[in-house]
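Novice:
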């Protein structure tokens, strides 16, 4: 005699799948947000170490999707800077030496408009001027720019109408040994994300099971 084996799924399959999906979505979202916020903390710590002040430190923000208490298996988070000059300050040729003092340079829009930039990208067929050129001009005593304050070290651009424009924000006494590292911490966060997603999904699952 041949026996028939009958398999049947008990309960509502759609409901069970939806339950598992919610657990995965919450765990994934928590992991993504957690690593992004840790990365933001690393960037802020570097700015604080360079003594650029709380304003530029807080310029690092996290944009989360979805936001609030919403969860998604496609969760994403972006760490952004609301002050791009942070990046410019820590690139190559980011300092000048004036009167035997070394200053780290944070370009303003006036500096960029005058053609001074740390980027090597060509603009309108001309290579941007480098801060080394500005340094030579200051040392030679030309009147188009000068250091106006020993305390702040700020540089003003003097135009032909003798109007003063803030040219750069410069910070004296900043260590040049530790460059601002964007790629290293970002890669580290990326490497940790997958294991953390698995871990956070498990934590959410355990919490749900305890609640019964």
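Residue numbers (this note's numbering): 29 to 240.
Don't be surprised by glycine CBs; every beta carbon is placed ideally from N, CA and C.
Give the C-beta separation of residue 53 and residue 100 to the nearest angstrom, bearing in mind that I take them to be a contact with Cβ-Cβ under 8 angstroms.
Specialist: 5 angstroms
Novice: Let me check understanding here. Comparing Cα to Cα, which of 51, 43 and 61 lies closest to residue 93?
Specialist: 61
Novice: Helix, strand or coil: how does DSSP classify residue 78 here?
Specialist: Taken through DSSP and simplified to helix, strand or coil, residue 78 comes out as coil.
Novice: Hey, how far is the Cα of residue 41 from the Cα of residue 66?
Specialist: 38 angstroms
Novice: Alpha carbon to alpha carbon, what distance is there between residue 102 and residue 50?
Specialist: 12 angstroms
Novice: Alpha helix (DSSP H) containing residue 95: first to last residue?
Specialist: In the DSSP annotation of this structure, residue 95 is not part of any alpha helix (DSSP H), being labelled neither H nor E.
Novice: For residue 215, count neighbouring C-beta atoms within 10 Å of its own C-beta (all shown protein chains included) and say buried if the count is 16 or more, exposed if not.
Specialist: Exposed: under 16 other Cβ atoms inside 10 Å.
Novice: Exposed or buried, residue 211, counting other C-beta atoms within 10 Å across all chains shown (16 or more means buried)?
Specialist: exposed
Novice: Evaluate residue 56 with the Cβ neighbour count: other Cβ atoms within 10 Å of its Cβ, from every protein chain shown; 16 or more gives buried, anything less gives exposed.
Specialist: buried
Novice: Per DSSP, residue 105 forms a beta bridge with which residues?
Specialist: Bridge partners of residue 105: 92.
Novice: For residue 249, report the span of its alpha helix (DSSP H) as first-last.
Specialist: Outside the shown range of the chain (29 to 240) lies residue 249, about which nothing can therefore be said.
Novice: Rounded C-beta distance between residue 63 and residue 75? I'm assuming under 8 angstroms.
Specialist: Going by Cβ atoms, the distance from residue 63 to residue 75 rounds to 19 angstroms, so no, they are not a contact pair.
Novice: Could you work out which residue in 234, 233, 213 and 97 is closest to residue 69 when comparing CA atoms only?
Specialist: 213
Novice: According to DSSP, simplified to helix, strand and coil, what is residue 68?
Specialist: helix
Novice: Would you check if the distance between the CB atom of residue 58 and the CB atom of residue 228 is smaller than 8 angstroms?
Specialist: yes
Novice: Do you know offhand how far residue 71's Cα is from residue 87's?
Specialist: 10 angstroms
Novice: Taking residue 109 as the reference, which of 96, 95, 98 and 89 has the closest Cα?
Specialist: 89
Novice: Which of the three DSSP states is assigned to residue 34 in this structure?
Specialist: coil
Novice: Could you check what DSSP says for residue 43 in three-state terms: helix, strand or coil?
Specialist: Helix at residue 43.
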